[in-house]
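Only one structure is covered here, and it is reproduced in the block below.
There are 2 protein chains.
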Amino acid sequence: MAKSIPIPTRLDPKNLGKLRPEFFKALGDPVRLAIVAHMAQQGEPSTVTAVSGCCGIDFSGVSRHLKILREAGIVKAEKRGRETFYSLQTEKITKTLRGLSDILERMAK
Amino acid sequence: MAKSIPIPTRLDPKNLGKLRPEFFKALGDPVRLAIVAHMAQQGEPSTVTAVSGCCGIDFSGVSRHLKILREAGIVKAEKRGRETFYSLQTEKITKTLRGLSDILERMAK
DNA sequence: GAGATATTTGCGGGGATGTGCAAGTGATGG
DNA sequence: CCATCACTTGCACATCCCCGCAAATATCTC
Chain A
1 MAKSIPIPTR LDPKNLGKLR PEFFKALGDP VRLAIVAHMA QQGEPSTVTA VSGCCGIDFS
61 GVSRHLKILR EAGIVKAEKR GRETFYSLQT EKITKTLRGL SDILERMAK
Chain B
1 MAKSIPIPTR LDPKNLGKLR PEFFKALGDP VRLAIVAHMA QQGEPSTVTA VSGCCGIDFS
61 GVSRHLKILR EAGIVKAEKR GRETFYSLQT EKITKTLRGL SDILERMAK
């Protein structure tokens, strides 16, 4: 009998039930998606004011959107002096996306 | 000079701007996420009534949720007789998720 | 301390969203 | 046909969400 290959935890079908709607909900808004795109192209941490330039709404709205993205684990905030630098949590995001992909693909076969 | 390797279209950073919020919004609801999980575990096309069992809301609501998932390209519907069979569009989903992952990862470096 | 700058938060309005119930549509079976 | 079954859609209601504006907070500069 062939030796069984251990399946990484994130490939366990049970993890399907652990998916948090908040993660996808956070990406399910055009403004927030624009913010994510902007931050990805920026490559370096951005302030609220810097991000505001890309999405045509008041900066207070941007602040709120960033909070939602932060609580969803998509972005992390770092306070330095009077400004807050937001940056994408690329690894966290790709882990989630690829984890879901792998589970779906595995279950489809 | 080294031969340049062509980058697949979906890895083009410009595709970031083409991401449809509807896709993520569709997954950003607990009931719809439960439906997706249920359908993945099922492995075969499910009817509305079959899906209704998994999420504790009226079947009319499930019908509406499935419509949203269908319009987001997450699910496809096939009518046979008086019932409609819904099935996951696994390949489409994984393409989208992995496409985003790849872009983000590439831009992060 | 006074004033400027960066961000967050409270408030309120307008619109989107999820839900159950009931009625409508369309295919199937007696 | 008429009843039934599977599903979709109209309606009403409650809730949530996005937004701008204004006020609050916190930090820096002079």
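Protein chains in written order, with the working numbering: chain A, 1 to 109; chain B, 1 to 109. Using N, Cα and C, we set each Cβ at its ideal position, and we do this for glycine too.
- With respect to the C-alpha of residue 86 of chain B, the residue from B:76, B:71 and B:21 having the closest C-alpha is B:76.
- Interface flag for residue 85 of chain A against chain B is unset, since no Cβ pair is found closer than 7 Å.
- In this structure, the CA atom of residue 64 of chain A is about 25 Å from the CA atom of residue 18 of chain A.
- Residue 90 of chain A and residue 104 of chain B do touch by the CB rule: their CB atoms are close to 5 Å apart, below 8 Å.
- Bounds of the beta strand (DSSP E) holding residue 87 of chain B are 83 to 88.
- Judged by beta-carbon spacing, residue 93 of chain A lies within the 7 Å limit of residue 74 of chain A, meaning their Cβ atoms are closer than that value.
- Within the segment 14 to 102 of chain A, the runs of alpha helix (DSSP H) at least 4 residues long that lie entirely inside it are, in chain order, 21 to 27, 30 to 42, 48 to 52 and 59 to 71.
- The C-alpha of residue 97 of chain A is placed about 26 Å away from the C-alpha of residue 47 of chain A.
- Taking a C-beta cut-off of 7 Å against chain A, the contacting residues of the segment 12 to 33 of chain B are 13, 16, 17, 19, 21, 24, 25, 27, 28, 29, 30 and 33, listed in chain order.
- A direct Cα-to-Cα measurement between residue 99 of chain A and residue 16 of chain A gives close to 9 Å.
- Residue 25 of chain A sits buried, since 16 or more C-beta atoms from the chains shown fall within 10 Å of its C-beta.
- Annotation: residue 74 of chain B has no Cβ neighbours in chain A at a cutoff of 7 Å; minimum Cβ distance is about 10 Å.
- C-alpha of residue 44 of chain B to C-alpha of residue 83 of chain A: approximately 52 Å in a straight line.
- From the listed residues B:81, B:51, B:40 and B:28, the smallest Cα separation to residue 72 of chain B is found for B:28.
- Here residue 50 of chain A has no same chain residue with a Cβ atom under 6 Å from its own Cβ, once five neighbours each way along the sequence are excluded.
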